[in-house]
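A.B. asks:
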Amino acid sequence: MREVLEGSQAVARTVARCRPDVVCAYPISPQTHIVEALARAARTGALGSCEYINVESEFAAMSVSIGSSAAGARTYTATASQGLLFMTEAVYNAAGLGLPIVMTIANRAIGSPINIWNDHSDSLALRDSGWLQLFAVDNQEAADLHVIAFAAGEELGIPVMVCMDGFILTHASDVVDVVEQADVDAFLPPYRPQQVLDVDHPTTIGTMAGPETFTETRYLQHKRFLDAAAVVQSWSDRFREAFGREAGGLVHTYLPGTLDRDRTAPPPGADDTVVVAMGSVVGTLQDTLTALGDEPVRLLGIGTYRPFPAQALREAVGAARRVVVIDRALELGVGGVLTGDVRHALAGTGIAVHSVVAGLGGRPITQEVLTDVVRRGIAGQLGDLDFCDLRADALEEMNA
Amino acid sequence: MTAVSIPFMQTGTLVVGNRLLDDDDRSVQARADRPSSLTKGHRACQGCAEALAARWVMDTAVDATGGKLMVANATGCLEVFSTLYPESAWKPAWIHSLFANAASVATGLAAANAARGRSDIRVLAQGGDGGTVDIGMASVSGMFERNDDVLYVCYDNGGYMNTGVQRSGSTPPAARTATTPIAGTRPGAPFGQGKFMPRIAMAHEIPYVATATVADLRDLEAKVRTAMSIHGARYLHVLVPCPLGWGSASHQSIALSRAAVQSGTFPVFEARAGELTAVTKIRERVDVEEYLRPQQRFAHLFKPGGEDALARVRAAAEANIRRYGLLDDEPRSRVQRQAQEQEARR
Ligand SMILES: Cc1ncc(C[n+]2csc(CCOP(=O)(O)OP(=O)(O)O)c2C)c(N)n1
Ligand code: SF4
Ligand SMILES: [Mg+2]
């Protein structure tokens, strides 16, 4: 049923319909509305026998999730920013143990200075943690991605972060069609763990590996991670067939003026500038390009950040003249974080890649700002690294 | 024929021989079907009391639950010496995640079992003193405070042994460790620092808290059995001598544990809902010297200049005796009477 819902409510309802056995989380803005809604659902019995556990920290939230997932329970949690960093040790551990926990990241900046607003610094800081990272462009996709996350994660034995822009999506109301219970039940297979603590067939999970086996362990994890791209794509395809709308997948091209996927667009040609972005800014970019009219510029949205879809990106970029990456996270002393992945994917193609760092700590990325960036991109006026919308007055004040 | 009753004391040992007991009262260790939850082949040092205590705890818990037991283990010696891939010395379903989170992982195991209607499966978490009183404190306290259905067992060897014997919040004052070396007038670990986790556990008013040592394994076994008969958060703190970290002979782990109890250094008791309910009285009181002298980590106490520190350690044991009422009002044995007379003379 299509209704106007806050992004967090849409996510909470979708998660509930995936029938988690255990939900364990610690509050942090802008994730709070999601876990509050699930706590309420658990209290009122709407989640069946699901255990909702209030813990003393994010580290405990992820650790409880590790325990419950290892015991064979479908497990969900959510966090952001400082919370994600606080649980970092356990985040890596969950991936190493192959536990398909699903975690919503309400993307938010990392302090200091403390800042509750949106950018991608948090999940991108954990890009090497061994979790899949799926990014949503809008509330509908943010909600739907959770169904795909449980399905793909459990098939692979890999945990999944569903990343949605804090406030911009979590707190914004939009028309959303939340998946129906019967449809999810038909779509999502029951969780069959690949390795589980079972008192009737006892195993040891979490052994020590010395120099003679550690590399092999990591190599196999790497291989499985590479296979994950195809699995994510396949669940995304199945989702489209089952629900009649798009969610998930690797790299996307959009039909003019919409966020509907264009599966038949010819690859960009030698005159084209390609703008690459991730998350809700994709929508603003599409509006910007639509308003710009008939310019030689194309938009690509990254749907899956980990594993990074290098090959899909190379194909989608085609023979483009240059690529402009709108980057929501900064690697100090280097440049945009997503840009690094894009450059790596396009190495050897000779295509110039321009990094534009934008919207850190919640600075709005307006259509006006993007229009300027895209115009300069088309005109070949962007450098290796530009900062969008830098305030000269603030710089002067801070330097004083 | 007239029957002669022989008091157990005449056997000259504190261990009750199994032959004198009914089958049901025998230790799980005495039975042909003992679980051997921690099997041979692990890499613990000779005389490691942590390994000994863990086997008794686990065998008892496995027995008490009919094998329906899941275990979460913190990083530390116990984990490292038992599970080097591709081998494992553990027979029960066992998971190791991190150093600081065994209690939280256990909460997760219990939650999964509850959500899936498996209330027959019980959960045990275990770790060293570092993994419990220091880095794992928040996780343990959270599990206590929520009264999750978990028995948490801390094996206290008074230091971070796995990383080479550094000081923990459970290292006793005056002990030499790699990070509290003897230097000038600084006699090892500082006085006035450290914490005794069982009292912190009691402050959470959880259903059951107990302490034990490997000097009385039947007592340890009984406490695990009691703990497994209760639901909710339970805490068991076991003193486990570490020959490597303490600088003691590997055959002395039991004797040192006994001396720790009989000197008042380590109080053995039970508490329910925050109230002390049972105390193991000192049976044959000994001076702290009997506990300290065989340990290299306390060697400086017996050198010139060590008198003050020794006196403070002795005073701490006396404070324990008063606080927990470790002495009987009436001396029970000749040996004990002698000890008290000796004390009076000193
Ligand atoms: C987060 C983290 N910090 C530090 C360590 C290193 N470390 C591993 S075991 C250990 C000491 C364990 O001490 P304790 O819990 O008392 O167990 P023991 O080895 O003494 O039995 C330390 C410091 C670690 N593994 N993880
Ligand atoms: S160092 Fe101590 S605790 Fe560790 S295995 Fe050796 S005796 Fe046991
Ligand atoms: Mg220790």
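As they're listed, the protein sequences go chains Z and U. Okay, so the first sequence: first residue is 1 according to the numbering used here, each after it adds one. Okay, so the second sequence: first residue is 401 according to the numbering used here, each after it adds one. Every residue gets a Cβ at the ideal spot worked out from N, C-alpha and C, and that includes glycine. Being a predicted model, the structure only gives us computed values, none of them experimental.
When DSSP builds the beta bridges, which residues end up paired with ASP177 of chain Z?
C.D. replies: Paired residues: Z:ARG2.
A.B. asks: What residues from chain Z crowd round VAL480 of chain U, counting only those whose CB sits closer than 7 Å?
C.D. replies: Ordered by position in chain Z, the residues that pass the 7 Å Cβ test against VAL480 of chain U are MET208.
A.B. asks: Below 7 Å, is the gap between the Cβ of LEU644 of chain U and the nearest heavy atom of ligand 2?
C.D. replies: Yes, ligand 2 has a heavy atom inside 7 Å of this Cβ.
A.B. asks: At a CB-CB cut-off below 9 Å, which residues of chain U make contact with ILE205 of chain Z?
C.D. replies: Per Cβ cutoff of 9 Å: ALA493, TRP494, ILE495, HIS496 and SER497.
A.B. asks: When we look at the beta-carbon of PRO407 of chain U and count the other beta-carbons within 10 Å, is it buried (16 or more) or exposed?
C.D. replies: Note that PRO407 of chain U has pLDDT 48, beneath the 50 cutoff, so the model's placement of it is unreliable and no number is given.
A.B. asks: In this structure, does DSSP put LEU332 of chain Z in helix, strand or coil?
C.D. replies: Three-state DSSP puts LEU332 of chain Z in coil, outside helix and strand.
A.B. asks: Pick out the complete alpha helix (DSSP H) segments inside the segment 64–122 of chain Z, 4 residues or longer, and give them in chain order.
C.D. replies: The qualifying runs are 81–86 and 88–96.
A.B. asks: Would you decide whether SER650 of chain U is buried or exposed? Buried here means 16 or more other CB atoms lie within 10 Å of its CB.
C.D. replies: Its Cβ having fewer than 16 others within 10 Å, SER650 of chain U is exposed.
A.B. asks: Check the Cβ of LYS468 of chain U against every Cβ in chain Z and list those closer than 8 Å, keeping chain order.
C.D. replies: Residues of chain Z passing the Cβ test: VAL199.
A.B. asks: Between the segment 444–462 of chain U and the segment 477–495 of chain U, do at least 3 Cβ pairs fall closer than 8 Å?
C.D. replies: Verdict: yes, contact present.
A.B. asks: Where do the ends of the beta strand (DSSP E) carrying HIS637 of chain U lie?
C.D. replies: Element bounds for HIS637 of chain U: 634–639.
A.B. asks: Per DSSP, which residues does CYS163 of chain Z bridge with? Please list them.
C.D. replies: According to DSSP, CYS163 of chain Z bridges with Z:ILE105 and Z:PHE135.
A.B. asks: Say whether chain U places a C-beta atom closer than 8 Å to the C-beta of THR473 of chain Z.
C.D. replies: The structure shown does not extend to residue 473 of chain Z, since chain Z is modelled only from 1 to 400, so the question has no answer here.
A.B. asks: What first and last residue would you give for the beta strand (DSSP E) that runs through ASP386 of chain Z?
C.D. replies: 385–387 is the span of the beta strand (DSSP E), which, as asked, contains ASP386 of chain Z.
A.B. asks: Under a CB-based cut-off of 8 Å, is PRO202 of chain Z close to chain U?
C.D. replies: So yes, PRO202 of chain Z belongs to the interface.
A.B. asks: Compute the beta-carbon to beta-carbon distance between GLY98 of chain Z and ILE168 of chain Z, rounded to the nearest angstrom, for a pair I have assumed lies under 8 Å.
C.D. replies: So it is not a contact: roughly 33 Å between Cβ atoms.
A.B. asks: Does the Cβ of PHE499 of chain U lie closer than 7 Å to at least one heavy atom of ligand 1?
C.D. replies: Indeed, a heavy atom of ligand 1 lies less than 7 Å from the Cβ.
A.B. asks: Can a CB atom of chain U be found closer than 8 Å to the CB of ALA60 of chain Z?
C.D. replies: So, interface residue.
A.B. asks: For THR288 of chain Z, count neighbouring Cβ atoms within 10 angstroms of its own Cβ and tell me buried if that reaches 16, exposed if not.
C.D. replies: By the 10 Å Cβ count, THR288 of chain Z comes out buried.
A.B. asks: With a threshold of 8 Å, are at least 3 pairs of Cβ atoms found where one atom belongs to the segment 316–331 of chain Z and the other to the segment 277–293 of chain Z?
C.D. replies: With the cut-off at 8 Å, the segment 316–331 of chain Z and the segment 277–293 of chain Z touch.
A.B. asks: List, in chain order, every chain Z residue whose beta-carbon is nearer than 7 Å to that of ILE341 of chain U.
C.D. replies: Within the shown structure, residues of chain U are numbered from 401 to 746, placing residue 341 of chain U beyond reach of any answer.
A.B. asks: At a CB-CB cut-off below 8 Å, which residues of chain U make contact with THR213 of chain Z?
C.D. replies: Those within 8 Å of THR213 of chain Z in chain U are TYR485 and PRO486.
A.B. asks: For the segment 590–609 of chain U and the segment 438–451 of chain U, state whether three or more C-beta atom pairs, one from each stretch, are separated by less than 8 Å.
C.D. replies: Touching, no.
A.B. asks: Could you check which residue in Z:ARG108, Z:ARG306, Z:ASN115 and Z:SER129 has the C-alpha nearest to that of SER121 of chain Z?
C.D. replies: Comparing Cα positions, the closest option is Z:ARG108.
A.B. asks: Ignore the nearest five residues each way along the sequence and tell me which others in VAL624 of chain U's own chain have a CB closer than 6 Å to its CB.
C.D. replies: Excluding residues within five positions, the ones whose Cβ falls inside 6 Å are VAL457, THR460 and ALA461.
A.B. asks: Taking only heavy atoms of ligand 1 into account, decide whether any of them is closer than 7 Å to the Cβ of THR579 of chain U.
C.D. replies: Incorrect: THR579 of chain U has no Cβ contact closer than 7 Å to ligand 1.
A.B. asks: Report the option in U:ARG722, U:GLY674, U:ALA655 and U:ALA622 whose CA atom is closest to the CA atom of GLU689 of chain U.
C.D. replies: Minimum Cα distance to GLU689 of chain U is reached at U:ALA655.
A.B. asks: Is it the case that the CB of ASN557 of chain U approaches a heavy atom of ligand 1 more closely than 7 Å?
C.D. replies: Yes; taking the cut-off as 7 Å, the Cβ of ASN557 of chain U has a heavy atom of ligand 1 nearer than that.
A.B. asks: Going along the chain, which residues of its own chain have a beta-carbon closer than 7 Å to the beta-carbon of GLU295 of chain Z, five neighbours each way excluded?
C.D. replies: Here the set comprises ILE378.
A.B. asks: For a test of your reading of the model: does the CB of GLU450 of chain U fall under 7 Å from any non-hydrogen atom of ligand 2? Yes or no.
C.D. replies: Checking the Cβ of GLU450 of chain U against ligand 2 gives yes.
A.B. asks: Over what stretch of residues does the alpha helix (DSSP H) that includes LEU551 of chain U continue unbroken?
C.D. replies: Element bounds for LEU551 of chain U: not the alpha helix (DSSP H) but the beta strand (DSSP E), 550–556.
A.B. asks: Compare the beta carbon distance of THR104 of chain Z and GLN9 of chain Z with 8 Å and say whether it is the shorter of the two.
C.D. replies: Contact flag unset, no.
A.B. asks: What first and last residue would you give for the beta strand (DSSP E) that runs through VAL276 of chain Z?
C.D. replies: Counting along the chain, the beta strand (DSSP E) containing VAL276 of chain Z begins and ends at 273–277.
A.B. asks: Of all the residues that make up the segment 536–558 of chain U, which are near chain Z by a beta-carbon distance shorter than 8 Å?
C.D. replies: From the segment 536–558 of chain U, only ALA538, SER539, SER541, GLY542, GLU545 and ARG546 have a Cβ closer than 8 Å to chain Z.
A.B. asks: Does the Cβ of ALA71 of chain Z have 16 or more other Cβ atoms within 10 Å, making it buried, or fewer, making it exposed?
C.D. replies: Buried, since its Cβ has 16 or more Cβ neighbours within 10 Å.
A.B. asks: Answer with yes or no whether the minimum CB distance from SER57 of chain Z to chain U is below 8 Å.
C.D. replies: Output row for SER57 of chain Z: interface = yes.
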